[in-house]
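Note that UniProt numbering numbers the sequence shown so that position 354 is 354, with each residue one more than the last.
In what follows, a structure is listed as structure tokens, so that the remarks can point back to it.
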Amino acid sequence: MAVLDGGEAGGDRVARLEEEIAELRLRVADAERGSAHKSRFIRHVSHEFRTPLSSIIGFTSLLEREADTLSAAERTEYLAIVLRNSRHLLHVVNDLLNISKVEAGALEVTLVPLRPADVAASVIASIGPLADEHGAEIVLDGGDTVPVLADSGRLRQVLFNLLENAVKYSPPGSRIDVRIREEAGEVRIEVSDPGPGITPDDQARLFIEFSRVNPPGLRVSGAGLGLALSRMLTEAMGGRIGVRSAPGEGSTFWIALRAATERELSRVRPARAEPAPARGAGQVVAVVDDDADIRAYAGAILSRGGYGVAADDGTPGVGMRLADARPAVVLLDLHLGGRSGADVLAELRGHDGLAHVPVLSFTAGALSDPDPPGFAGRITKPVEADVLLESVGRTLLADAAAPHEEDDFLAPLRQRFQEGLEARLREIERAVAAEDGEALRRELHKLRGAAAGYGFDALARLGDAAEHALGGGDAEAAVAVLMDRLRAELPER
């Protein structure tokens, strides 16, 4: 009777309960959908991993057991199968990591004016071996279009995915056309193939994760991630992606990106011609990694590139051991058993012969994971031989090029900048002593900008690392490394 006597109040409580029950039902339905999606994801990924792993394990076991009885041609064939399946696995892992970054809002995109024909030509060259394997000819009609506003790495990834699909789904010996044209403030890049075509129903699910289209009589390998990732990357650049196709008539995949404005183009400075990456010439590269196989692999590549190699597992005392080797570059793993890469870097910087040597992080971590301060760059594992040699060579060039040639109009300004480093150092020391974080941030920011402008690349990198480390646990070490470098750059008296 109490509830009935409540009249409208009782009715309000019933309505509120009904709303809460309805909301709970929605949450349960969402959880069930999430669970089903997770199960589907695990099933797809397990299949994509299991198939190439079976080939890798099977053929490596065969090579191990019967190495003495196999012919050279058989060994080469089996190793090619292992390499192809390993690269497929890496491709799947990278796609999954990129999709997870997009969904988490952690994907970094830097939009700059780019000439789409230049990017397309570079991608066509990269995919050349696959096209040759299928006897495909890729023809580029770049036109005279204006630059687009895009992220170079992301645009390359999208075009590579579209061209890879075009090659795989086309008959052997096909011609694949890449056309670039401008319309209504946009630039469209089209990839057309003479493949089997796609039905409207299949087109509707093409850009969804793990959706694959296998026309009758044609089986193409892949995880069904490439087009989904291409959609995400294109949209992250503010663009659109789509397809025109019909069964038996081939397919044209297209992306549309915003054309760069005159104002945006005016901010771009002409690129300076880059020298070729330096190669060995007897310089020593230190490889610090707790995995003996990784040390052996990197060492073998570097030796063939003409470098001397100093390998170390990164245990305490690594600084003393490497100081005797006098390396020109150090490759340092970020996770060394019980030690972090930051700890090892601090130990290296404590030795006179290693205080200013550029150190590259040598890591299998996700690309979105930031390096600790003090690193000159990153090499992501697994790494191809040419990428490793190019990264080391470019690091040596950058380190040797600071400052740049003194015969141009900036030479007097560079000299004045260098003469003013002592005053900058005093200001930084004063801010550190006073524990004035704002003043320290201001000085680091000014130093970083000036150093980058005058070609003191290593100093600019350390200034950037120190500025970003402020407020974190590594700030003191990063500032100390920067101050050491500043003292080294002071002009001789």
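Ideal placement from N, C-alpha and C gives every residue a C-beta, glycine not left out.
Remember, predicted model here, so these are calculated numbers, not experimental data.
Beta-bridge pairing of residue i - partner residues as DSSP gives them
i: Gly-253; result: The identity of residue 253 in the sequence shown is Phe, whereas the question assumes Gly. Answer by DSSP bridge pairing, in chain order: Val-191, Val-243.
i: Asp-177; result: Val-139, Ser-192
i: Gly-308; result: Val-284
i: Ala-259; result: Val-148
i: Gly-476; result: First, the residue type needs correcting, since residue 476 is Glu and not Gly in the sequence shown. Glu-476 is not bridged to any residue.
i: Gly-182; result: Sequence inspection shows Glu at residue 182; the Gly mentioned does not correspond to that position. DSSP, once it has assigned bridges, lists Val-187 as partnering Glu-182.
Residue i, DSSP secondary structure in three states
i: residue 505; result: Any property of residue 505 remains undetermined from this structure, which presents the chain solely from 1 to 493.
i: Phe-456; result: coil
i: His-335; result: strand
i: Leu-17; result: helix
i: Glu-77; result: helix
i: Ser-340; result: strand
i: Val-3; result: Because Val-3 carries a pLDDT of 44, less than 50, the predicted location of this residue cannot be relied on, and the following value inherits that uncertainty. Helix at Val-3.
i: residue 524; result: Any answer about residue 524 is impossible in this case: the structure gives the chain only from 1 up to 493.
i: Val-329; result: strand
i: Pro-275; result: Low confidence applies here, because Pro-275 scores a pLDDT of 48, under 50, leaving its location unreliable; read the following figure in that light. In the structure shown, Pro-275 sits in coil (DSSP, three-state: anything other than H, G, I, E or B).
i: Glu-108; result: coil
i: Arg-172; result: A small correction: the amino acid at residue 172 is Pro; Arg does not occupy that position in the sequence shown. Coil.
i: Thr-69; result: coil
i: Ala-355; result: coil
i: Pro-52; result: helix
i: Gly-374; result: coil
i: Glu-64; result: helix
i: Glu-347; result: helix
i: Gly-197; result: coil
i: Asp-484; result: helix
i: Ile-23; result: Residue identity check: residue 23 is Glu in the sequence provided, not Ile. Here Glu-23 sits in helix by DSSP.
Residue i and residue j closer than 8 Å at C-beta
i: Ile-176; j: Val-158; result: no
i: Leu-62; j: Leu-114; result: no
i: Val-148; j: Ala-259; result: yes
i: Ala-310; j: Arg-295; result: no
i: Pro-194; j: His-134; result: no
i: Leu-163; j: Ile-208; result: no
i: residue 494; j: Arg-426; result: Beyond the ends of the chain as shown, which are 1 and 493, falls residue 494; an answer cannot be given.
i: Ile-189; j: Trp-254; result: yes
i: Val-318; j: Val-357; result: no
i: Arg-326; j: Gly-353; result: yes
i: Ala-228; j: Gly-197; result: no
i: Ser-100; j: Ala-136; result: no
i: Val-243; j: Ser-251; result: yes
i: Leu-225; j: Val-92; result: yes
i: Val-187; j: Val-146; result: yes
i: Ala-376; j: Val-359; result: yes
i: Asp-291; j: Gly-314; result: no
i: Gly-299; j: Val-287; result: yes
i: Ile-301; j: Leu-388; result: yes
i: Glu-489; j: Leu-459; result: yes
i: Arg-378; j: Ser-361; result: yes
Any non-hydrogen atom of the ligand SAH within 7 Å of residue i CB
i: Val-146; result: No copy of the ligand SAH occurs in the structure displayed, which carries no ligand at all.
Opening and closing residue of the beta strand (DSSP E) in which residue i lies
i: Ile-379; result: 377 to 380
i: Leu-114; result: 112 to 114
i: Thr-315; result: Element bounds for Thr-315: n/a, residue is neither H nor E.
i: Leu-360; result: 359 to 363
Buried versus exposed, by CB contacts within 10 Å (16 or more), residue i
i: Asp-118; result: exposed
i: Met-237; result: buried
i: Glu-419; result: exposed
i: His-88; result: buried
i: Gly-105; result: exposed
i: Asp-289; result: buried
i: Pro-116; result: buried
i: Pro-52; result: buried
i: Ala-431; result: buried
i: Arg-50; result: exposed
i: Gly-393; result: buried
i: Gly-374; result: buried
i: Asp-464; result: buried
i: Leu-447; result: buried
i: Gly-337; result: exposed
i: Arg-416; result: exposed
i: Leu-322; result: buried
Any chain C beta carbon closer than 8 Å to residue i
i: Leu-229; result: No chain C is present in this structure, which holds just one protein chain.
N- and C-terminal bounds of the alpha helix (DSSP H) containing residue i
i: Glu-234; result: First, the amino acid is wrong: residue 234 is Thr here, not Glu. That run of the alpha helix (DSSP H) goes 226 to 236.
i: Thr-491; result: The residue asked about is misnamed: residue 491 is Pro in this sequence, not Thr. Unbroken run through Pro-491: none, as it is neither H nor E.
i: Asp-202; result: 200 to 204
i: Ile-208; result: Run containing Ile-208: none; DSSP gives neither H nor E here.
i: Ala-431; result: 421 to 433
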